[in-house]
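One line per chain: the protein sequences are A and B, in this order.
Residue numbers for the first sequence follow our numbering, beginning at 120 and rising by one.
Residue numbers for the second sequence follow our numbering, beginning at 120 and rising by one.
Quick notes on the structure that follows.
2 protein chains.
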Amino acid sequence: MNAEIVAIGSELLTPFRQDTNSLYLTEKLNQLGVEVIFKTIVGDSREHLRGSASLALSRADIVIFMGGLGPTEDDLTREAVAEALQLEVHRDPEIVAAIERRFASRGWKMSANNAKQGDVIAGAIVLPNPNGTAPGQWISGKYEGREKIIILLPGPPHELRALFDQQCMDRLRAKLPPQFIATRVVKVTGMGESQCDARVAPIYKRFTDVQTTILAGAGEIQLHLRTRADSLDAAQQRVDQVVEEIEAELGDCVFSDNGDSLEQIVGYYLQMRNATLAVAESCTGGLLAERITSVSGSSRYFLGGAVVYSNQLKTGFADVPADLIAKHGAVSREVAAALAEGIRKRCQGTLGVGITGVAGPTGGTPEKPVGLVFHALASDRGTEVIERNFPGDRKRIRWFATQQAMDMVRRKLM
Amino acid sequence: MNAEIVAIGSELLTPFRQDTNSLYLTEKLNQLGVEVIFKTIVGDSREHLRGSASLALSRADIVIFMGGLGPTEDDLTREAVAEALQLEVHRDPEIVAAIERRFASRGWKMSANNAKQGDVIAGAIVLPNPNGTAPGQWISGKYEGREKIIILLPGPPHELRALFDQQCMDRLRAKLPPQFIATRVVKVTGMGESQCDARVAPIYKRFTDVQTTILAGAGEIQLHLRTRADSLDAAQQRVDQVVEEIEAELGDCVFSDNGDSLEQIVGYYLQMRNATLAVAESCTGGLLAERITSVSGSSRYFLGGAVVYSNQLKTGFADVPADLIAKHGAVSREVAAALAEGIRKRCQGTLGVGITGVAGPTGGTPEKPVGLVFHALASDRGTEVIERNFPGDRKRIRWFATQQAMDMVRRKLM
């Protein structure tokens, strides 16, 4: 079975607001074995809404409408869906009375327009809204000769979630064949998307029953694997098998096979090795420290560090000799190494990281262009330096650099 | 004229990823007087994609497709849009050569699948991609007898934005009737959303021709104002008038009336006063330094700072007396002040900022609960400390704290 989610509201077609409910619903639907095949966002126009409803009914088994159930003139979902289904709408006096009581319990008088929220599509089951006035509706029936499930939900997230969980999950489960679904996420760093795909495609193509999605972010690739089978064990075994083959192919470029972030992985390794880390950052300006400390409990392995934007501070906080900077320039292999060694010593850490580079957009030269970054990692067994030329803007270059630095720490401790 | 935005990618139909590009495009289209009437999200299915393309072409004047232009087998946008338009696709050897050069310049060899990115729909103008390999495409022509503009854009946000700005805005402007739209954004900090709305509503309600949208984020409120008139001057004058009244009402809580971020504003003030800044961060872990240095050119006024997670480093990098920490605890008014004073002196800055607090989720006590943060600002005229109790999770608490600290710097220099 598949589903389409239709989000309704003109505010969702402005630059300021975005539908986020659909992520929640997708997670829940996936748990039931239902795939979302389309999402549509439509404004408060009866014509557009009716058209979207007809279309969704023609292409999906389950259609969920979110929003447009309120009391104002803009709230047109009930009428438009009824028109698409060629069904009547009638006003349910019990619902109107319940809304009136809800207002009265707060000491308010219900204004007349609220009665509209008692309109029910013929044949619909009314779904009580625990957190608001507008109830949801559930219709199951035929459309163009095929069985459909149609659900109307209120737009506010806390109303939608509670109503969906309490009123829809069991109803859907009862309508669906039992499902056994297993998922895994493999995260990869140190290679590009096409390079990664070229290497793993021969694997995932053999597993035609496993759905593979490749997501590339800045300096990181995620492989999302998902399958269904006759039992949960069988499904799990099947995705585990793909993960195993992918890990064998990509080796230590895989940094996580259970969804953990690079920040978390670096933290695990540091704790496992009883090691501590200190960092001296120039071009990344604190981003590395910020990412590492975004993990709760990072104080157990992260000592701290220095943001050494000025040359004086490179000397003052990480003991980089001034003549070394004068000789090689602040952006150099030598200064990166000195930063890593200096901060390690100063903070008495197991490991020290030094980053220096040109984040841009200004400050580049033919010899040292924007994107050039030196990453150094110092330990008791010496210092290694990796030089990279990152593409992109200031934000991306800084992000890539922190990704590279964390990957060096990970590989060191592996 | 109206537009539909079609976002392509199976990952956008999972619980993990969400289209955000459409917010950017909507803002740009609105500036040209184009309203977005539908957004569709569709997976990497040729059939679904072709269907969505045909539908969008039938109901909108401008159709923008985002994503699915990459080198993998999942990337089907070119083929599917061509089918919907009943046009051929041919491979452009010049584009393929350019992609090859792009790879070579990084010392890589282009893998064969990348050649696919040279496929061009018949009659399309190829839009060079300044930040990636896949070019965009622009097609203007008739569909079912009506003039349409069709744009294909790459999915990665930094590619899409640069390409749309450089290649599409002028082309669209040339196709559209002249529009006179003026917009302003007023940014406010130091008050809550309902408090702000209560004070500005009497103003914006008088300007019925100006559309006002209030957005509340973490530690910041934005008022978006927008109007159209018979001339650009008239439109501009009208929004300027609202902004003037709002600024008079909210006073120094307004930190920007032209869209600048708090990071930028702090930078302007520091440069204007010929002042420099150094920071010592505990619970924010580098986020303050990172935000300040996210602004290009920040090396002119930002000296650097220290991330002092451990107590030893509070002493080592910011000369906080160990007995002061022992007496008051690391999270205290006294230690915040000492951090600000110590880092200012060490870095020889005009101003020094110290932040210490409990970002959570663990580490809170009845006396010092999660969310408690002390912010200190030291100058040659002494040190001020602000104590706050922020709501929310680790990420929000850290963000609020940096917002508060930057606002202290701003007010100091105003």
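Glycine is no exception: its CB is placed at the ideal position from the N, C-alpha and C atoms.
Here the structure is a predicted model, which is why all the values come from computation and not from measurement.
For the stretch 296 to 307 of chain B, list every residue whose C-beta sits within 9 Å of some C-beta in chain A, in sequence order. Residues of the stretch 296 to 307 of chain B whose Cβ lies closer than 9 Å to any Cβ of chain A: none.
Counting only runs that start and end within the stretch 317 to 392 of chain A, where is the beta strand (DSSP E) found for 3 or more residues in a row? Complete beta strand (DSSP E) runs here, min 3: 329 to 336, 339 to 347 and 373 to 375.
Proximity of A:Leu458 and A:Val477 at Cβ, strictly below 7 Å: Taking the first residue of the first sequence as position 1, residue 458 of chain A is located at position 339. Taking the first residue of the first sequence as position 1, residue 477 of chain A is located at position 358. Using a Cβ distance threshold of 7 Å, A:Leu458 and A:Val477 do not count as a contacting pair.
Suppose you measure from the CA of A:Lys261 to the CA of B:Leu246; what does that come to, to the nearest Å? Taking the first sequence and counting its residues from 1, one reaches residue 261 of chain A at position 142. Taking the second sequence and counting its residues from 1, one reaches residue 246 of chain B at position 127. Answer to the nearest angstrom: the Cα atoms are 46 Å apart.
Where do the ends of the beta strand (DSSP E) carrying B:Arg303 lie? Your numbering for residue 303 of chain B matches position 184 in the second sequence. For B:Arg303, the enclosing beta strand (DSSP E) stretches over residues Ile300 to Val307.
Does the beta-carbon of A:Trp227 have 16 or more other beta-carbons within 10 angstroms, so that it is buried, or is it exposed? Along the first sequence, one-based indexing puts residue 227 of chain A at 108. Result: exposed.
Runs of alpha helix (DSSP H) lying entirely within the stretch 156 to 198 of chain B, each at least 4 residues, in chain order: As far as the stretch 156 to 198 of chain B is concerned, its whole alpha helix (DSSP H) runs of at least 4 residues are 165 to 178.
In chain B, what lies closer than 7 Å to A:Glu409 by C-beta? What you label residue 409 of chain A is simply residue 290 of the first sequence in a count that begins at 1. Those are Gly404, Gly405, Leu406 and Glu409, listed as they occur along chain B.
Can you round the beta-carbon distance between A:Ala241 and A:Glu202 to whole angstroms, since I take them to be within the 8 Å contact cut? Mapped onto the first sequence, residue 241 of chain A falls at position 122. Mapped onto the first sequence, residue 202 of chain A falls at position 83. Their Cβ separation, rounded to whole angstroms, is 12 Å, which puts A:Ala241 and A:Glu202 out of contact at 8 Å.
Hey, could you find the ends of the beta strand (DSSP E) B:Val245 is sitting in? Within the second sequence, numbered from 1, the residue matching residue 245 of chain B stands at position 126. Element bounds for B:Val245: Ile244 to Leu246.
Classify B:Phe509 as helix, strand or coil using the three-state DSSP reduction. As a first step, residue 509 of chain B must be located in the second sequence, where it is residue number 390. It is coil, neither helix nor strand.
Would the beta-carbon of A:Thr434 fall within 7 Å of that of A:Ala441? Position 315 of the first sequence, counted from the first residue, corresponds to residue 434 of chain A. Position 322 of the first sequence, counted from the first residue, corresponds to residue 441 of chain A. Yes, the Cβ-Cβ distance between A:Thr434 and A:Ala441 is below 7 Å.
Between the alpha carbons of A:Asp359 and B:Thr521, how many angstroms are there, rounded? Locating residue 359 of chain A in the first sequence gives position 240, where the first residue counts as 1. Locating residue 521 of chain B in the second sequence gives position 402, where the first residue counts as 1. Cα to Cα, the separation comes out at about 43 Å.
Looking only at its own chain, which residues have a Cβ that is under 7 Å from the Cβ of A:Gln285, when we skip the five neighbours before and after it? Translated into the one-based positions of the first sequence, residue 285 of chain A becomes position 166. Counting only Cβ-Cβ distances below 7 Å, and skipping sequence neighbours, we find Pro249.
For B:Tyr428, which of B:Gly404, B:Phe421, B:Ile411 and B:Gly309 has the nearest alpha-carbon? For this step, residue 428 of chain B is matched to residue 309 along the second sequence. Checking every option, the nearest Cα to that of B:Tyr428 belongs to B:Gly404.
Enumerate in chain order the residues of its own chain whose CB-to-CB distance from B:Ile462 is below 7 Å, with the five nearest sequence positions on each side excluded. Position 343 of the second sequence, counted from the start, is the residue given in the question as residue 462 of chain B. Counting only residues of its own chain and dropping the five nearest sequence neighbours on each side, B:Ile462 has a CB closer than 7 Å to the CB of Ala397, Val398, Ala399, Gly424, Ala425, Ala437, Gly471 and Gly473.
Boundaries (first-last residue) of the alpha helix (DSSP H) holding B:Gln150: Walking along the second sequence from the start, residue 150 of chain B turns up at place 31. B:Gln150 -> alpha helix (DSSP H) spans Asn140 to Gln150.
A:Glu166 versus chain B: which residues are under 9 Å apart at the beta carbon? Walking along the first sequence from the start, residue 166 of chain A turns up at place 47. Residues of chain B passing the Cβ test: none, with the nearest at roughly 10 Å.
For a contact meaning CB atoms closer than 8 Å, what does B:Thr145 contact in chain A? Numbered from its first residue, the second sequence carries residue 145 of chain B at position 26. Within chain A, the residues near B:Thr145 are Leu132, Thr133 and Pro134.
Closest residue to B:Arg347 among B:Gln355, B:Ile340 and B:Val125 (Cα-Cα distance): Residue mapping note: residue 347 of chain B aligns to position 228 of the second sequence, counting from 1. When each option's Cα is compared against that of B:Arg347, the closest is B:Gln355.
Quick one: Cα of A:Val454 to Cα of A:Arg419, how far? If you number the first sequence from 1, residue 454 of chain A lands on position 335. If you number the first sequence from 1, residue 419 of chain A lands on position 300. Rounded to whole angstroms, A:Val454 to A:Arg419 spans 28 Å at the Cα level.
I'd like to know if A:Leu246 contacts chain B, where contact means its C-beta is closer than 7 Å to some C-beta of that chain. Here residue 246 of chain A refers to the residue found at position 127 of the first sequence. The beta carbon of A:Leu246 sits no closer than 7 Å to any beta carbon of chain B.
Nearest by alpha-carbon distance to B:Ala353: which of B:Ile384, B:Asp328 and B:Leu148 is it? The residue labelled residue 353 of chain B in the question sits at position 234 within the second sequence. Of B:Ile384, B:Asp328 and B:Leu148, the residue nearest in Cα terms is B:Asp328.
Entirely within the stretch 431 to 502 of chain B and at least 3 residues each: give me those beta strand (DSSP E) ranges in chain order. DSSP assignment within the stretch 431 to 502 of chain B yields the following whole beta strand (DSSP E) runs of 3 residues or more, N-terminal first: 470 to 476 and 491 to 498.
Along the stretch 423 to 442 of chain A, where does the CB come closer than 9 Å to a CB of chain B? Name the residues. Taking 9 Å as the Cβ-Cβ cut-off, the stretch 423 to 442 of chain A approaches chain B at Gly423, Gly424, Ala425, Val426, Val427, Tyr428, Ser429, Gln431, Leu432, Lys433, Gly435 and Phe436, given in chain order.
Pull up the DSSP beta-bridge partners for B:Gly274, would you. The count along the second sequence starts at 1 and reaches residue 274 of chain B at position 155. Bridge partners of B:Gly274 according to DSSP: none are assigned.
Exposed or buried, B:His209, counting other C-beta atoms within 10 Å across all chains shown (16 or more means buried)? For the purposes of this step, residue 209 of chain B is taken as residue 90 along the second sequence, with counting starting at 1. By the neighbour-count rule (16 or more Cβ atoms within 10 Å), B:His209 is not buried but exposed.
Check each residue of the stretch 480 to 496 of chain A: if its Cβ is closer than 7 Å to any Cβ of chain B, include it; give the result in chain order. Taking a C-beta cut-off of 7 Å against chain B, the contacting residues of the stretch 480 to 496 of chain A are Pro480 and Thr481, listed in chain order.
Reference B:Pro276; option with closest CA among A:Gly511, A:Arg529 and A:Met533: Position 157 of the second sequence, counted from the first residue, corresponds to residue 276 of chain B. Comparing Cα-Cα distances from B:Pro276 to each of A:Gly511, A:Arg529 and A:Met533, the minimum goes to A:Gly511.
Just the chain B side, please: which residues come within less than 8 Å of A:Asn508 by C-beta, in chain order? On the first sequence, position 389 is the one that residue 508 of chain A refers to. For A:Asn508, the chain B residues whose C-beta falls within less than 8 Å of its own C-beta are Arg225, listed in chain order.
Chain-ordered residues of the stretch 510 to 527 of chain B with a beta carbon less than 9 Å from chain A: Cβ contacts with chain A: Arg513, Lys514 and Arg517.
Could you tell me whether the Cβ of B:Pro249 comes closer than 7 Å to any Cβ of chain A? Position 130 of the second sequence, counting from 1, holds the residue named residue 249 of chain B. By this cut-off, B:Pro249 is not an interface position.
Interface residues of chain B around A:Gly162 at Cβ under 7 Å? Within the first sequence, the letter at position 43 stands for residue 162 of chain A. Near A:Gly162 (Cβ distances below 7 Å), the residues of chain B are Ile156.
Neighbourhood of B:Phe326 by C-beta distance below 6 Å, restricted to the same chain and skipping five residues each side: Walking along the second sequence from the start, residue 326 of chain B turns up at place 207. Only Val361 meet the Cβ criterion.
Contact between the stretch 173 to 193 of chain B and the stretch 249 to 258 of chain B: three or more CB pairs below 8 Å? Taking a contact to require three or more Cβ pairs closer than 8 Å, the stretch 173 to 193 of chain B and the stretch 249 to 258 of chain B qualify as touching.
Given 8 Å as the limit, is there contact between the stretch 135 to 148 of chain A and the stretch 164 to 174 of chain A, that is, 3 or more CB pairs closer than that? At 8 Å Cβ cutoff, the stretches do not touch.
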